[in-house]
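Adding 44 to a residue's 1-based position in the sequence shown gives its number in our numbering.
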Amino acid sequence: MRPGRFDLLIGIGPPDQTALTALWERALATMTTESGVDAAKLASKCHGFTPGDVDLAAQRAAAEAFARARATGKAAVVTNEDLTAATNRTKASITPEMLSAYQAEVSMFERV
Numbered sequence: 045m046r047p048g049r050f051d052l053l054i055g056i057g058p059p060d061q062t063a064l065t066a067l068w069e070r071a072l073a074t075m076t077t078e079s080g081v082d083a084a085k086l087a088s089k090c091h092g093f094t095p096g097d098v099d100l101a102a103q104r105a106a107a108e109a110f111a112r113a114r115a116t117g118k119a120a121v122v123t124n125e126d127l128t129a130a131t132n133r134t135k136a137s138i139t140p141e142m143l144s145a146y147q148a149e150v151s152m153f154e155r156v
């Protein structure tokens, strides 16, 4: 950051399960998926993910479906397996140490 650009930095906590579910719903809305893809189930596997991590995992799953479509000549359909593999390959950006430091700061400075 350059001096004078921001007067105050405000920490924003990681997305909770509701937010992660909404992020997955948004990402999945742009894809053709097989039936049974569940945004809430995906979100439950994404502890420590940022919105960018969710987007990356979604892009990886879509890329896998696209590669399969090119190889087979069939439509590109994102499967549960694609999504599971993509979330497993995507490293969460928020570490337990980062979360602990954020929670300590919140408890120290929260208002009653």
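Ideal Cβ positions, reconstructed from N, Cα and C, are used throughout, including at glycine.
Predicted model only: the values in this text are computed from it and were never measured.
Using a threshold of 9 Å, state whether the C-beta atoms of residue i and residue j are closer than that.
i, j, result
"Leu86", "Thr131", "yes"
"Ala106", "Phe93", "no"
"Arg112", "Ala120", "yes"
"Lys135", "Asp97", "yes"
"Glu149", "Gly55", "yes"
Give the single residue among the options whose Cα lies nearest to the Cα of residue i.
i, options, result
"Leu72", "Arg133, Ala109 and Pro140", "Ala109"
"Gly80", "Leu67, Glu149, Ala63 and Thr128", "Thr128"
"Cys90", "Gln147, Asp51, Thr74 and Asp60", "Asp60"
"Ala157", "Asp126, Met75, Ala66 and Gln147", "The structure shown does not extend to residue 157, since the chain is modelled only from 45 through 156, so no value can be given for it."
"Ser137", "Pro95, Gly117, Gln147 and Lys118", "Pro95"
Which of the three DSSP states is assigned to residue i in this structure?
i, result
"Val150", "helix"
"Pro58", "coil"
"Leu52", "coil"
"Val136", "Sequence check: residue 136 is Ala here, not Val. The answer is coil: DSSP assigns Ala136 none of H, G, I, E or B."
"Arg70", "helix"
"Arg114", "helix"
"Lys85", "helix"
"Gly96", "helix"
Let me check one thing: in DSSP terms, what residues is residue i bridge-paired to?
i, result
"Thr77", "Val122"
Once the 5 residues before and after residue i are set aside, which same chain residues still bring their CB inside 8 Å of it?
i, result
"Thr139", "Gly92"
Can you give me the Cβ contacts of residue i inside the same chain, cut-off strictly under 6 Å, excluding the 5 residues immediately before and after it?
i, result
"Met45", "Unreliable placement is indicated for Met45, whose pLDDT of 49 sits below 50; no coordinate value is reported for it."
"Thr77", "Val122"
Using a Cβ-Cβ cut-off of 7 Å (strictly less than) and excluding sequence neighbours within five positions of residue i, which residues of its own chain qualify?
i, result
"Asp126", "Ala105, Glu108 and Ala109"
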